[in-house]
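*Asks:*
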Amino acid sequence: MRWNLVQQELRQNRRGFWTCFLVTLLILILLLGKAEAFVNNPEMEQLIKGLPEGLLKAFGIEPESFRTFEGFVATQAYPYFIVLVSSFATSWAA
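According to our numbering, the sequence shown is numbered sequentially starting from 34.
Put into C-alpha cells, the structure is as follows:
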C-alpha cells in the first residue's frame with residue numbers, strides 16, 4: 034500500500050472525523066450532566082423498582098446500578114455512545 038493513498042484518505046475523512054468526535058463528546062457531556070439526578074437518589078431507585086419486572090429485564094436495567102456513577106454510565110451513557118460511534122463508522126465506510 035502506498036503512503037500517498039493513506040495520506041489522501043486521512044485528509045479526506047479529517048473533517049468528518051472531527052465533526053463526529055465533537056458531536057459524540059457533546060452528547061456524552063450532556064448525558065453525564067444529568068448523572069446527579071440518578072446517582073444516590075433514593076426516589077429514583079424506588080421509581081425504578083416500581084417498574085414491571087419484564088420491562089426491567091427487557092432493557093437490562095438493575096435498580097442497584099444507579100447507586101454509583103459507574104453504574105449510571107454503564108446503563109445510561111454507554112449505550113448511547115455505542116449507537117453514535119456505530120452510526121458514524123457506517124457513514125465513514127460509505
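Using N, Cα and C, we set each Cβ at its ideal position, and we do this for glycine too.
By Cβ distance below 8 Å, which residues in the same chain neighbour Arg-100 in space, the five residues on each side in sequence not counted?
*Replies:* As a working note, residue 100 is residue 67 in the sequence shown. Hits under 8 Å: Val-72, Asn-73 and Glu-78.
*Asks:* Give every residue of the same chain whose Cβ lies closer than 7 Å to the Cβ of Ala-68, excluding the five residues on either side of it in the sequence, and list them in chain order.
*Replies:* Position 35 of the sequence shown, counted from the first residue, corresponds to residue 68. Result list for Ala-68: Phe-102 and Phe-105, in chain order.
*Asks:* Using the Cα positions of Val-56 and Ala-91, report the straight-line distance between them to the nearest angstrom.
*Replies:* The residue given as residue 56 occupies position 23 in the sequence shown. The residue given as residue 91 occupies position 58 in the sequence shown. So the two alpha carbons sit approximately 28 Å from each other.
*Asks:* Quick one, which of Leu-38, Asn-37, Arg-35 and Thr-52 has its alpha-carbon nearest Leu-117's?
*Replies:* For this step, residue 117 is matched to residue 84 along the sequence shown. Nearest option by C-alpha distance: Thr-52.
*Asks:* Rounded to whole angstroms, what is the Cα-Cα separation between Ser-119 and Leu-58?
*Replies:* As a position in the sequence shown, residue 119 is number 86, starting the count at 1. As a position in the sequence shown, residue 58 is number 25, starting the count at 1. Taking the straight line joining both Cα atoms gives about 14 Å.
*Asks:* Looking at the secondary structure, which residues open and close the alpha helix (DSSP H) in which Lys-82 lies?
*Replies:* As a working mapping, residue 82 is identified with position 49 in the sequence shown. From DSSP, the alpha helix (DSSP H) with Lys-82 extends over 75 to 82.
*Asks:* Hey, out of Ser-124, Ser-98 and Leu-63, whose CA is closest to Tyr-113's CA?
*Replies:* By 1-based counting over the sequence shown, the position of residue 113 is 80. The residue with the shortest Cα to Cα distance from Tyr-113 is Leu-63.
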